[in-house]
Amino acid sequence: MGMKFKFMESPNFIKVLAFFLALILWFFVAGDRQDVLGLEVRRTFSGIPLTYRNLGQDLVIVGLEESVTLSLQGVPQAFDGLTPADLEAYVDLNGRREGRYELRINAAAPRGVSIVSIEPAKANVLLEDLVTRQMSVEGELLGEPAGGLIVQEINFTPTEVFIRGPRRKVDLTKKVVFRLDVSGTEGNTIDSARLYPLDVRDNFIQGITIIPDSVEVEVRLTLPQKDLPVEAVFSSNGRRVETVIVEPSVVTVKGPGHLLEEITCLFTEEIDLKERGSVFTVDVPLVFPQGFVPHKNDTVSVRVYLAN
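In our numbering, the protein residues as written are 5 to 312.
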């Protein structure tokens, strides 16, 4: 026992104990204040949008990686409030022309942190020339007008526009069309319609700019029409009609489509034969059923030959 007390009282024991106490205290301080002591940590940020710099004026990027992951290093205090919005990943396109490239990805971070790694380190980039082409405009009407009306005429302006985009997509564009819904329309209409670039299968092509991007459209409506023969109607007063000549013998009428299908001829108003000579000519109004209107003629000339 005496030996143990003597060792604890020795100067060497006191020095060793002081060293260990100091070491333990250093670890506590270093753990709480790594920034003061210069100790750095690493942090990883994912989903950083990949952008570009120095793109040529008449070029467009067709394919590019969507995002990258950055590993950063710095003192803990440097990461306070740091978000992915504060970081940038990009490829430098300076001097590049149309073609496919594998380019190194660069990154930028705020002061106080350094970039350790970029994943992926390179990006495949496809550049295409921007080209412009003039094209004619085509129109498509959707739906049916009200009241049996049909489209008589479509006028729109401009009739030609310019399309601009990557060469490959411009080559795919086979037509530029507008679509206007006329469902339930009761009369002539003027409206603005947006233009769409379509491929050979009428699929919409994204990435094409149309200049201008809309047209002014005038749609003129009318009733459908039908040519009908005319029959003269006479009063019955004992006189017999031998020959009748109607001029014109066929008249064009307008009316709702479902009614036009049912009607087969037009009749004149009744012609009174009383006190008529054996041969006479008279202008007679036509009788139009409800819903029908004349295209041009509402009267006909009837020449009548009566039997003696």
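All C-beta atoms in this analysis are idealised placements derived from N, C-alpha and C, irrespective of residue type, glycine included.
Skipping 5 residues on each side, what residues in its chain have a beta carbon closer than 7 Å to that of L176?
D203 and I209
Rank E246, T136, A82 and N241 by C-alpha distance to the C-alpha of I216 and give the top, closest one.
Here residue 216 turns out to be Pro, not Ile, going by the sequence shown. When C-alpha distances from P216 are compared across E246, T136, A82 and N241, the shortest belongs to T136.
Within its chain, find whatever has a CB closer than 7 Å to the CB of D302; leave out the 5 residues flanking it on each side and keep chain order.
So the qualifying residues of the chain are P289 and L290.
State the beta-bridge partners of A127 as determined by DSSP.
L107
Buried versus exposed call for P80 [16 or more other C-beta atoms within 10 Å across all chains shown]
Label assigned to P80: exposed.
Using beta-carbon positions only, say whether L232 and L277 come within less than 8 Å of one another.
Not in contact: L232 and L277 (Cβ atoms no closer than 8 Å).
State the beta-bridge partners of R307 as determined by DSSP.
I249 and T285
For I249 and P298, the rounded distance between their alpha carbons:
Cα-Cα distance, rounded: 20 Å.
If distances are taken between C-alpha atoms only, which option among P260, L91 and T268 comes closest to A112?
L91
Under the three-state DSSP convention, the category A150 falls into
Per DSSP, reduced to three states, the secondary structure at A150 is coil, with no helix or strand assignment.
Apart from the five residues just before and just after V287, which ones in its own chain have a Cβ nearer than 7 Å to its Cβ?
In the sequence as presented, Val is not what sits at residue 287; that position holds Asp. Around D287: T303 and S305.
Nearest to N98 (by Cα), restricted to the options P260, Q61, I154 and F160:
Q61
Do P170 and V64 have their C-beta atoms closer together than 8 Å?
yes
Considering only the alpha carbon of each residue, which of G152, L86 and T213 lies closest to K173?
Selected option, being the one with the closest Cα: T213.
Using the C-alpha atoms, what's the distance from V45 back to G67?
35 Å
Looking only at its own chain, which residues have a Cβ that is under 6 Å from the Cβ of K179, when we skip the five neighbours before and after it?
E142 and L202
Under three-state DSSP, which class holds S86?
Correcting the residue type first, residue 86 is Leu in the shown sequence and not Ser. L86: coil per DSSP, three-state reduction.
Smallest Cα separation from D185: which of T268, V221 and V245?
V221
Pull up the DSSP beta-bridge partners for P298, would you.
V257
Stretch pair the segment 148-165 + the segment 123-135: three plus CB contacts closer than 8 Å
no
Within this structure, are the beta carbons of T272 and A236 separated by less than 8 Å?
yes
Separation of G188 from L227, as counted between CA atoms
14 Å
Here's the rule: buried if 16 or more other CB atoms are within 10 angstroms of the residue's CB, otherwise exposed. What is K300?
Answer is exposed; the Cβ neighbour count stays below 16.
So, at 7 Å on beta carbons, what are the nonlocal neighbours of R47 in its own chain, with the 5 sequence-adjacent residues on each side left out?
Contacts found: L76 and F83.
Which residue spans inside the segment 157-238 form an unbroken alpha helix (DSSP H) run of at least 4?
171-176
C-alpha gap between K258 and L264, whole angstroms
The alpha-carbon of K258 is positioned some 8 Å away from that of L264.
Provide the residue(s) that pair with T136 in DSSP beta bridges, ordered along the chain.
Looking at the DSSP assignment, T136 forms a beta bridge with R168.
Which whole-angstrom value describes the C-beta separation of G78 and S50, a residue pair presumed to lie in contact below a C-beta threshold of 8 Å?
Rounded, the Cβ-Cβ distance is 18 Å, inconsistent with contact.
Which of helix, strand or coil does DSSP assign to E279?
coil
Work out the CA separation of Y105 and N120 for me, nearest whole Å.
Just to set this straight, residue 120 is Val in the shown sequence, not Asn. Each residue's Cα considered, the two are about 24 Å apart.
Going by the DSSP bridge assignment, what does Q61 pair with across the sheet?
Answer is none; Q61 lacks a bridge partner.
Assigned secondary structure, L43 (DSSP; H/G/I helix, E/B strand, else coil)
Correct three-state label for L43: coil.
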